[in-house]
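Have a look at the structure below before the remarks.
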Amino acid sequence: MKVLITGGAGFIGSTIASAFAERGIVPVVLDSLVTGRSEFTEGKIFYQGDIADGTVVDEIFAAHPDIAVAVHCAALIVVPDSMSDPHRYYQVNLTGTLSLAGHLIRNGCDRMIFASTAGMYRPGPDLSVTEDSALEPQNPYTRSKMMAELLLEDLCAAYGLRVVSLRYLNPIGADPRMRTGLQSSKPTHALGKMIESYELGVPFRITGVDWDTRDGTAVRDYIHVWDIARAFCEAAARFDAIVPHDQNGSDGKNGKNGAGGGGGRRTGYQVINLGTGGGTTVRELVDAFRGVVGDGFQAEEAPARPGDVVGAFVNPAKALELLGWKPEYSIEDAIRHSLEWAALRSRTDVA
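Throughout the sequence shown, residue numbering follows the UniProt record's numbering, covering 1 to 351 in sequence.
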């Protein structure tokens, strides 16, 4: 059995590829290498190309007719970049997904697992989100993901495509075996900034300390990238049980928990959230980081930055029910793996 992984030379896609390989499933990687790393494809079947290029996709399926499922990770994901260049984000994330889905349908591949974002939800009063939470994306990146899900849902209803959308928030860590990790040497998320501060010997700035949370700092739902990869493997293994063939059709009848949020889903489409069920505040992340590197790590308070938000966390009950999945790695594990990867990257110039 083989699985096609678009964006398989990126942080998450490459980790998913390794997780499948460990289960005896052969990953076939398609990546343009615009943001992916060629070294992340070593030892794997690799095609360099764009997901919108039907010729490349046709070539892949002609050579590998035993591909059972497509895992679609290829996307642009940096929120500030999406705000400064929304056209590019819609072109890649929305138009690219539409083209890819058409190529899959033409080649008889009716299973897709879509790497999406729980950032499209409007959090509840307790900052939690579920699959039934209202959708309220706040930037072109999350809007492009929501729109991509809506078009995939329509294709499922009309053409027999079946999709499982896995939505999550803040992947951190690295492959525990250090095969892959973050491509960027300057990550912008809080843990990346902590590692940078630690390496430079300067205090980490906690930006925003008067949010309405348990300790005044923002909440993020950090999840180890290997746990995310495990969820994709479980979704592939259980795909036909999660989205049976008889859920497809062009009758347009609605079920629950689809891309539209709030309980509407056309047949052939399933949404599952991945998360920790509680989230981590910035102060808690600092404490966990200090527990790993020692009490000498310093942090200082600072005002919130323009555009900062209080955050959210994911209720993963449905993932446990349908995938038998829950996170196995702790925040401390993710911190240790991130530090190990950062040290390896600096030695090998993988940046």
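Glycine is no exception: its CB is placed at the ideal position from the N, C-alpha and C atoms.
If you check the beta carbons only, do VAL164 and HIS103 fall under 8 Å apart?
no
Rounded distance between the beta-carbons of PRO80 and PRO140, thought under 8 Å
10 Å between Cβ atoms; not a contact.
Is the number of C-beta pairs between the stretch 14-27 and the stretch 189-199 that are closer than 8 Å three or more?
no
Opening and closing residue of the alpha helix (DSSP H) in which THR55 lies
54-63
In whole angstroms, give me the CA-to-CA distance for ILE12 and LEU76.
12 Å
Give every residue of the same chain whose Cβ lies closer than 8 Å to the Cβ of MET146, excluding the five residues on either side of it in the sequence, and list them in chain order.
MET120, LEU135, PRO137 and ALA259
Would you check if the stretch 84-100 and the stretch 278-295 touch, i.e. whether three or more CB-CB distances between them fall below 8 Å?
no
Reducing DSSP to helix, strand and coil, say where SER197 ends up.
helix
In the DSSP output, which residue or residues are listed as bridge partners for ARG167?
SER116 and ASN273
Taking a contact to mean a Cβ-Cβ separation below 8 Å, would you say ILE67 touches LEU30 in this structure?
no
Out of PHE289, GLY324 and ASN273, which has the shortest C-alpha to C-alpha gap to PHE313?
ASN273
Proximity to ALA52 [Cα-Cα], best of SER14, THR6, THR41 and PHE46
THR6
Kindly give me the distance between the Cβ atoms of SER116 and GLU149, rounded to whole angstroms, as I take these residues to be in contact under 8 Å.
6 Å
Within the same chain, show all residues whose beta-carbon is closer than 6 Å to that of ALA70, passing over the 5 residues directly before and after it, in chain order.
LEU4, LEU104, CYS109 and MET112
Taking the continuous alpha helix (DSSP H) assigned at THR97, which residues delimit it?
96-106
By DSSP, does PRO27 sit in helix, in strand, or in coil?
strand
Beta strand (DSSP E) runs wholly inside the stretch 293-350, at least 3 long, in chain order:
299-302
Backbone secondary structure at SER18 - three-state DSSP:
helix
What's the C-alpha gap between THR207 and ALA63?
51 Å
Does the distance from the C-beta atom of SER18 to that of ARG238 stay below 8 Å?
no
Is the separation between the beta-carbon of TYR269 and that of GLU153 shorter than 8 Å?
yes
Between the Cα of GLY173 and those of SER32, ALA334 and GLY307, spot the shortest distance and give me the residue it belongs to.
ALA334
Going along the chain, which residues of its own chain have a beta-carbon closer than 6 Å to the beta-carbon of ALA342, five neighbours each way excluded?
ILE195
What do you get for ALA351, buried or exposed, if any count of 16 or more other CB atoms within 10 angstroms of its CB means buried?
The predicted model places ALA351 with a pLDDT of 41, which falls under 50 and marks its position as unreliable, so this point remains unresolved.
If you follow the beta strand (DSSP E) that LYS2 is in, where does it begin and where does it stop?
2-6
On the three-state DSSP scale, how would you describe residue 353?
What the structure shows of the chain is the stretch from 1 to 351, and residue 353 is not part of that stretch, so it cannot be assessed.
Coarse secondary structure for GLY252, derived from DSSP in three states
Caution is warranted here: a pLDDT of 35 is assigned to GLY252, below 50, making its placement in the model unreliable, and the coordinate value is therefore given only provisionally. In this structure, GLY252 counts as coil in the three-state DSSP scheme.
PRO171 burial status per 10 Å Cβ neighbour count (16 or more: buried):
buried
Express the C-alpha separation of VAL129 and ASP221 in angstroms, rounding to a whole number.
11 Å
Please report how far the alpha carbon of ARG265 lies from the alpha carbon of TYR329, in whole angstroms.
Legend: pLDDT at ARG265 = 46, less than 50; position of this residue unreliable, no value from coordinates given.
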